[in-house]
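Enquirer: Protein chains in written order, with the working numbering: chain S, 1 to 199; chain V, 1 to 199. Every residue gets a Cβ at the ideal spot worked out from N, C-alpha and C, and that includes glycine. As the structure is a computational prediction, the values presented were derived from the model and not from experiment.
Protein chains: 2
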Amino acid sequence: MSAPAIPDQQLRPMRADARRNHERILAAARELFAGEDPGVQIADVAARAGVGVGTVYRHFPDKEALMGELVRERFSIFNTQLRAALGDASQAPFAALSGALRANAEALADDAATRYAMMGGGERAYGYAAAELAEFLSLSRELVGRAHASGELRPDFSEQDVPMIMCGVCATMGKRDAGWEWDRHLDLLIDGMRALPGA
Amino acid sequence: MSAPAIPDQQLRPMRADARRNHERILAAARELFAGEDPGVQIADVAARAGVGVGTVYRHFPDKEALMGELVRERFSIFNTQLRAALGDASQAPFAALSGALRANAEALADDAATRYAMMGGGERAYGYAAAELAEFLSLSRELVGRAHASGELRPDFSEQDVPMIMCGVCATMGKRDAGWEWDRHLDLLIDGMRALPGA
DNA sequence: ACCTGAACACCGTTCAAGT
DNA sequence: ACCTGAACACCGTTCAAGT
């Protein structure tokens, strides 16, 4: 067996300097991916992190893996939000679902680096987040099921529509001079999710 | 003055062989961009078109310009569709707007190459389509205005929301194993666009 | 006028040498 | 164990030579 793809997840703890470098590389990637320049290079990330390029490749097998780690961490935070919505008994089921969508969208709107990774990392970047994606769908399924049971959600809405909505809204965030607002985009979608009053 | 960015639009007509090469390059790009491989190279496009790489660069100043031309042609077709919707007196205004959205989305769903150009061409690719984008917004404004006048459209909907919706739906098309359907995405948005019955 | 493709420049990735 | 950065490979782009 070769080294794990993401040393962060390996069984034995990393040496102190390696752990520090790992965090510095991720922090540098977040700073640079969030910037204006769409052509961020691994050498830039290494320089910003204060390490050699080889060290970046020791921690992340390729550029997509570095982006994939940002995606993975973001879905982990999404899942925390979905669990909070499931655990909050004070909200009606539809409000819990739509509120979780909005909270996740707001977090993503503030995180240009992860949007960069999500939009530009290719399919393989999502592969690194497979476990978190499966958990995301599972939690979505529970929230959607409750909202169906309460009759507030349109009958044909499925848990797959939760990531679909996040993907669509994410694509419209942070476009310069586009002239639109992502939160109104989400308003349209959430209103479209409601069960028809007469049905 | 240097040569125009897109020879297709220059004042004097191209020589017959140049025109044929121009079309062959675009056809090759469409075929390759629509394929599975996300890393299409200019050398691949040139080989498929049966020309040298220098010929590709003679017709398109860089890779983004080649993608931009696909975006430009697509918005030109979008505009034809919007004009048809405006000219069809048999439809109610909301149906004309939502029908045009759906027709354009269906066309885009069948055109993976242009989706590739739209998602991966960067902001500059849209610069090549500036005139068509302005026309798209102008036509959208008229369709949206009519639907507001008839009271069927939610009051805060603006013409900027038309490209926003197209962008969001486009981002969810053609994802392998994503488990969702773009046409249901559009259903949600169109239902969210309706004015509230009680308002 | 336009075409060609070898040459150049740039950037992702590797790996031999170092600590 | 981990780090470094020169070297390599690949691909976008240019340009001198050709038709």
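Between the region 134-146 of chain S and the region 98-112 of chain V, do at least 3 Cβ pairs fall closer than 8 Å?
Expert: No, the region 134-146 of chain S is not in contact with the region 98-112 of chain V.
Enquirer: Could you check the C-alpha separation between SER2/V and VAL45/V for me, to the nearest Å?
Expert: For the purposes of this step, residue 2/V is taken as the residue at position 2 of the second sequence. For the purposes of this step, residue 45/V is taken as the residue at position 45 of the second sequence. Residue placement at SER2/V cannot be trusted, given a pLDDT of 32 that sits under 50; the coordinates are not used to answer.
Enquirer: At a Cβ cut of 8 Å, what residues of the region 42-71 of chain V count as close to chain S, listed as they run along the chain?
Expert: none
Enquirer: Pull up the distance between the alpha-carbon of ALA178/V and that of SER138/V, whole angstroms please.
Expert: Residue mapping note: residue 178/V aligns to position 178 of the second sequence, counting from 1. Residue mapping note: residue 138/V aligns to position 138 of the second sequence, counting from 1. Straight-line measurement puts the Cα of SER138/V at about 34 Å from the Cα of ALA178/V.
Enquirer: Give every residue of the same chain whose Cβ lies closer than 7 Å to the Cβ of ASP8/S, excluding the five residues on either side of it in the sequence, and list them in chain order.
Expert: Along the first sequence, one-based indexing puts residue 8/S at 8. At ASP8/S, the pLDDT of 45 sits below 50, so the modelled position is not reliable and the matter cannot be decided from this model.
Enquirer: Short check: CB of GLY151/S to CB of ALA195/S, under 8 Å?
Expert: As a position in the first sequence, residue 151/S is number 151, starting the count at 1. As a position in the first sequence, residue 195/S is number 195, starting the count at 1. The answer is yes: Cβ separation under 8 Å.
Enquirer: Are the C-beta atoms of ARG115/V and some chain S residue less than 8 Å apart?
Expert: The count along the second sequence starts at 1 and reaches residue 115/V at position 115. No, no contact with chain S.
Enquirer: Could you list which residues in chain V have their beta carbon closer than 7 Å to that of LEU188/S, in chain order?
Expert: Here residue 188/S refers to the residue found at position 188 when the first sequence is read from its first residue. Neighbours of LEU188/S on chain V, chain order: LEU189, GLY192, MET193.
Enquirer: Check the Cβ of ARG176/S against every Cβ in chain V and list those closer than 9 Å, keeping chain order.
Expert: Here residue 176/S is taken as the residue at index 176 of the first sequence, counted from 1. In chain order: GLU123.
Enquirer: For LEU82/V, which of helix, strand or coil comes out of DSSP?
Expert: By 1-based counting over the second sequence, the position of residue 82/V is 82. The DSSP-derived three-state label of LEU82/V is helix.
Enquirer: Taking only beta-carbon atoms, is PRO38/S less than 8 Å away from chain V?
Expert: Against the first sequence, residue 38/S aligns to sequence position 38. By this cut-off, PRO38/S is an interface position.
Enquirer: So, under 8 Å CB-CB, ALA28/V and ILE77/V are touching, yes? Tell me the CB distance rounded to an integer number of Å.
Expert: Counted from its first residue, the second sequence places residue 28/V at position 28. Counted from its first residue, the second sequence places residue 77/V at position 77. Actually they are not in contact, since the Cβ atoms of ALA28/V and ILE77/V sit about 20 Å apart, beyond 8 Å.
Enquirer: Classify GLU36/V as buried or exposed, calling it buried when 16 or more other Cβ atoms lie within 10 Å of its own Cβ.
Expert: The residue you call residue 36/V lines up with position 36 of the second sequence. By the neighbour-count definition (other C-beta atoms within 10 Å, threshold 16), GLU36/V is an exposed residue.
Enquirer: Could you work out which residues of chain S lie near HIS185/V, taking near to mean beta carbons separated by less than 8 Å?
Expert: Position 185 of the second sequence, counting from 1, holds the residue named residue 185/V. The answer, in chain order, is ASP161, MET164, ILE165, GLY168.
Enquirer: Smallest Cα separation from ALA112/V: which of GLU181/V, TRP180/V, CYS170/V?
Expert: Translated into the one-based positions of the second sequence, residue 112/V becomes position 112. In terms of Cα proximity to ALA112/V, the closest of GLU181/V, TRP180/V, CYS170/V is CYS170/V.
Enquirer: Distance, Cα to Cα, PHE33/V vs ILE25/V?
Expert: Within the second sequence, numbered from 1, the residue matching residue 33/V stands at position 33. Within the second sequence, numbered from 1, the residue matching residue 25/V stands at position 25. So the alpha carbons of these two residues sit roughly 12 Å apart.
Enquirer: Helix, strand or coil, according to DSSP, for LEU143/V in the structure here?
Expert: Looking up residue 143/V in the second sequence gives position 143. Three-state DSSP puts LEU143/V in a helix.
Enquirer: According to DSSP, what are the bridge partners of ARG194/S?
Expert: As a first step, residue 194/S is located in the first sequence; it is residue number 194 there, counting from the start. Its beta-bridge partners are LEU153/S.
Enquirer: Please state whether the Cβ-Cβ distance between ALA117/S and MET67/S is less than 8 Å.
Expert: As a working mapping, residue 117/S is identified with position 117 in the first sequence. As a working mapping, residue 67/S is identified with position 67 in the first sequence. Cβ atoms of ALA117/S and MET67/S: closer than 8 Å.
Enquirer: Since GLY179/S meets chain V, which of its residues come closer than 7 Å, beta carbon to beta carbon?
Expert: Taking the first sequence and counting its residues from 1, one reaches residue 179/S at position 179. Under the 7 Å cutoff, chain V gives GLN160.
Enquirer: Just to confirm the assignment, what range does the alpha helix (DSSP H) spanning VAL162/S have?
Expert: Along the first sequence, read from residue 1 onward, the residue named residue 162/S stands at position 162. From DSSP, the alpha helix (DSSP H) with VAL162/S extends over 161-171.
Enquirer: Is the beta carbon of GLU69/V closer than 8 Å to that of TYR126/V?
Expert: If you number the second sequence from 1, residue 126/V lands on position 126. If you number the second sequence from 1, residue 69/V lands on position 69. Going by C-beta atoms, TYR126/V is not nearer than 8 Å to GLU69/V.
Enquirer: If we define contact as Cβ-Cβ less than 8 Å, is THR172/V a contact residue for chain S?
Expert: Here residue 172/V refers to the residue found at position 172 when the second sequence is read from its first residue. Judged by the 8 Å Cβ criterion, THR172/V is in contact with chain S.
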